[in-house]
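J.:
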Amino acid sequence: MPDPSTLQDGTTETSAWWQRKPLWIGAGPLLVFLVVAAVDLKLAQHFTSSGKAIVSNTLGGLWQWMVLLLFVIAIMLAISPIGSLRLGGAEAKPSLKFFDWCAVLICTLLAGGGVFWSAAEPLFHFRDPAPYFVGVEGSTAAAVDPSLAVSFLHWGFLAWALVATTVTITLSIQEQRGEALRPRTLLVGILPSRWVEGPLGDLADGLSVVAAIAGTVGPLGFLSLQLSNAAGMLPAFTDSAGLQSLVVVLLTAVFATSTVSGIQRGIKWLSELNVWLTLGLAAALLLLGPGLWLIQHFISAFGLYLTNLPRMALAPNSSPGNWVNGWTVFYWGWFLGYAPLMGLFTAGVSRGRTLRELVLAVAILCPIVTNIWFTLLGGSGMQLEVANPGSISGPLTASGESGALLAILGQLPLSWLLIPVGLVLVVLFMATSADSMSYAAAMVVSAQRTPPTLLRLFWALMIGSLTLVLLRIGTSLGDNTSINALQAFIVITAVPVTPLVLLSLWTAPRLAWKEWRQRQPAKS
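The opening position of the sequence shown corresponds to residue 10 in the working numbering, with each subsequent residue numbered one higher.
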């Protein structure tokens with residue numbers, strides 16, 4: 010018999026971790042999807058693409074309003090007196106130094122996907138301007154600022170706030186009251202406790218894991234193809250199925266080791282390394298590339314983003330298959346799926362920080378850093394394309410998203426150094442996202458702040474195995490149809506997560522207000 014595990018709520022769980030319901034509720038749908046895709050890839054693709062269209066048209070408008078309101082609520086809490094509320098209790102002390110804490114937040118929340126898309130997305134909008142900016146001709150200097158502004162929308166204030174503000178605040182305060190750090194805790198005080206601790210709570214935990222893991226596997230698959238393509242350019246390697254598999258295995262080994270080491274060691278160390286490499290590459294892009302041009306366009310594009318933010322955020326998505334559904338609504342579904350697990354991960358590393366610090370770091374600092382990074386990398390690509398048409402758009406058309414990064418770095422001075430650094434940076438950012446997701450998934454299904462090592466390893470290997478199998482589905486080398494199907498699956502899996510995050514718009518300010526009021530006499 011396994012030893013009983015002490016849960017965060019003070020109770021004991023005598024069953025082994027592999028016998029807990031949320032584990033198999035989370036793992037089951039992913040395994041079923043793999044089986045269906047292996048038997049009939051076209052059926053899986055039809056299911057996911059049709060489901061994505063239905064969900065986007067049905068819930069897209071709700072998601073757009075929800076994300077905007079969530080950001081506004083988080084900012085209002087931060088600038089109000091409630092912002093002084095300390096997460097974890099009045100006497101709680103931060104476990105990480107401020108720089109380390111910010112590094113973990115930047116590197117583990119949305120940065121993995123952001124680093125991968127920073128080269129490609131601005132170029133897509135540069136080539137085909139978004140409908141927000143009527144009359145702007147693509148692939149011209151006039152399209153630079155609009156393309157960056159749209160990229161800022163998708164990876165800026167709203168996106169980061171969605172992932173870890175109201176959800177994190179709710180979970181942090183509920184944890185102080187004896188609740189476990191699990192997605193089902195978002196239902197506490199809303200539904201009867203017997204429902205929260207029963208099958209409905211198991212579903213909330215398990216389906217939150219499904220959404221988060223699905224959102225992690227897709228980018229990891231794209232990254233593997235990108236690294237395999239890059240390695241195939243070297244004399245000693247050939248881009249092949251075996252090389253792609255080797256890349257996945259190596260990546261899995263990196264983030265599995267990190268998540269097993271824990272937050273204080275592996276995850277923190279990788280995050281700090283990411284930050285320093287990012288600063289180094291950013292300095293190189295400024296010094297070796299069009300530095301002054303990039304600074305000017307960041308300022309002008311950021312101003313365009315701020316003045317058009319409400320209009321872009323609430324653009325109608327009524328037409329089936331329209332631009333808003335293909336871009337903005339897809340991103341909101343993707344990030345929405347991350348929110349419960351990333352919210353609880355952030356709650357775990359933010360103990361001792363004030364509510365104001367949390368919102369300013371997650372919803373302001375991280376987005377600005379991400380926007381700067383998009384400007385440096387994507388902006389450099391656009392400047393090179395304007396100066397030499399086809400130099401960047403050609404590889405982008407030929408190789409898709411994975412070709413943009415190499416095309417940009419390859420045309421800058423010291424490309425022999427910048428390309429390896431850029432690829433290592435993408436790998437490490439993806440690793441920190443995957444290891445934090447593995448850690449958070451283990452926290453959910455075990456209901457423990459420090460989940461068992463084998464359970465952390467299980468989820469890390471699950472992410473790696475899913476990626477490996479999905480890349481091998483299909484008949485031709487580099488076929489990423491299965492990854493595209495999974496990306497559509499991301500939007501579908503965000504549906505059951507939607508009520509959990511939507512409730513936090515009410516519970517976060519209500520709980521924060523009550524907690525702040527209760528602490529006032531102690532200060533007088």
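We put the CB at the ideal spot given by N, CA and C, even for glycine.
1. From residue 183 to residue 194, what distance separates their C-alpha atoms?
2. Taking the straight line between their C-alpha atoms, what separation do you get for residue 498 and residue 337?
3. Would you mind working out which of 132, 58, 158 and 173 sits nearest residue 117, comparing C-alpha positions?
4. Restricting to Cα atoms, I'd like to know which of 360, 529, 154 and 436 is closest to residue 125.
5. Considering only residues of the same chain and omitting the five flanking positions on each side of residue 359, which have a CB-CB separation below 6 Å?
6. Checking 9 Å against the spacing of the C-beta atoms, do residue 443 and residue 287 come in under that value?
7. Report the residue ranges of all alpha helix (DSSP H) runs contained in full by the stretch 50 to 110; include only those spanning at least 4 residues, in chain order.
8. If you measure from the beta carbon of residue 352 to each beta carbon in chain D, is any gap under 9 Å?
9. Can you give the Cα-Cα distance for residue 374 and residue 115, rounded to whole angstroms?
10. Starting from residue 392, follow the alpha helix (DSSP H) in both directions and report where the run begins and ends.
11. Could you please give the first and the last residue of the uninterrupted alpha helix (DSSP H) stretch that includes residue 170?
12. Report buried or exposed for residue 171, applying the criterion of at least 16 other Cβ atoms within 10 angstroms of its Cβ.
13. Under the rule that 16 or more other beta-carbon atoms within 10 Å means buried, what is residue 74, buried or exposed?
14. Return the first residue and the last residue of the alpha helix (DSSP H) that residue 441 is part of.
15. Taking DSSP's pairing of strands, which residues face residue 200 in a bridge?
16. Can you find at least 3 beta carbon pairs, one from the stretch 409 to 427 and one from the stretch 288 to 301, that sit closer than 8 Å?
17. Check whether the stretch 211 to 230 and the stretch 502 to 516 touch, using three or more Cβ-Cβ pairs below 8 Å as the test.
18. Beta-carbon separation of residue 223 and residue 60 under 9 Å?
19. So what's residue 459 in DSSP terms, helix, strand or just coil?
20. With a cut-off of 8 Å on the beta carbons, I'd call residue 522 and residue 91 a contact; round off their distance for me.
21. For residue 363, which beta-bridge partners are listed by DSSP?
22. Determine the contact status of residue 388 and residue 179, defining contact as a CB-CB distance below 9 Å.
23. Within its chain, find whatever has a CB closer than 8 Å to the CB of residue 200; leave out the 5 residues flanking it on each side and keep chain order.
24. Using alpha carbons as the reference points, say which of 529, 501 and 516 lies closest to residue 57.
25. Identify, in the order they occur along the chain, each residue of the same chain with its Cβ nearer than 6 Å to the Cβ of residue 314, setting aside the five sequence neighbours on each side.
26. What is the rounded straight-line gap between the Cα of residue 110 and the Cα of residue 318?
27. Using the C-alpha atoms, what's the distance from residue 422 back to residue 447?
28. Helix, strand or coil for residue 513? Go by DSSP, reduced to three states.
29. Closest to residue 112 by C-alpha separation, out of 441, 470, 348 and 332, would be which residue?
30. Which residue's Cα is closest to the Cα of residue 9: 476, 519 and 527?
31. I need the straight-line Cα distance from residue 451 to residue 268, nearest angstrom please.
32. Indicate the three-state DSSP secondary structure (helix, strand or coil) for residue 519 in the structure shown.
33. Less than 7 Å between C-beta atoms, sequence neighbours within five positions excluded: which residues of the same chain meet that for residue 205?
34. Residue 536 by DSSP, collapsed to three states: which one?
35. Cutting at 8 Å between CB atoms, please list the residues of its own chain near residue 363, excluding the five before and the five after it.
36. Tell me the rounded alpha-carbon separation between residue 101 and residue 236.
T.: Checking against the coordinates, here is how it stands:
1. 7 Å
2. 16 Å
3. Of the residues 132, 58, 158 and 173, the one whose Cα lies closest to the Cα of residue 117 is 173.
4. 436
5. 96 and 367
6. Residue 287 sits away from residue 443, with the two beta carbons spaced by 9 Å or more.
7. 50 to 88
8. Among the chains of the structure shown, chain D does not appear; only one protein chain is present.
9. 9 Å
10. 375 to 396
11. Residue 170 -> alpha helix (DSSP H) spans 166 to 173.
12. buried
13. exposed
14. 424 to 455
15. 197.
16. yes
17. yes
18. no
19. coil
20. Their Cβ separation, rounded to whole angstroms, is 6 Å, which keeps residue 522 and residue 91 in contact under 8 Å.
21. Secondary-structure assignment with DSSP links residue 363 through a beta bridge to 95.
22. no
23. 209
24. 501
25. Spatial neighbours of residue 314 in its own chain (CB-CB distance under 6 Å, excluding positions within 5 residues in sequence) are listed in chain order as 158 and 161.
26. 28 Å
27. Their Cα atoms are separated by approximately 38 Å.
28. helix
29. 441
30. The question about residue 9 has no answer, for the chain in this structure spans 10 to 533.
31. 10 Å
32. helix
33. Excluding residues up to 5 positions away in sequence, 193, 196 and 197 lie with their Cβ nearer than 7 Å to the Cβ of residue 205 in the same chain.
34. It is not possible to answer for residue 536, since the shown part of the chain is limited to 10 through 533.
35. So the qualifying residues of the chain are 92, 93, 94, 95 and 96.
36. 43 Å
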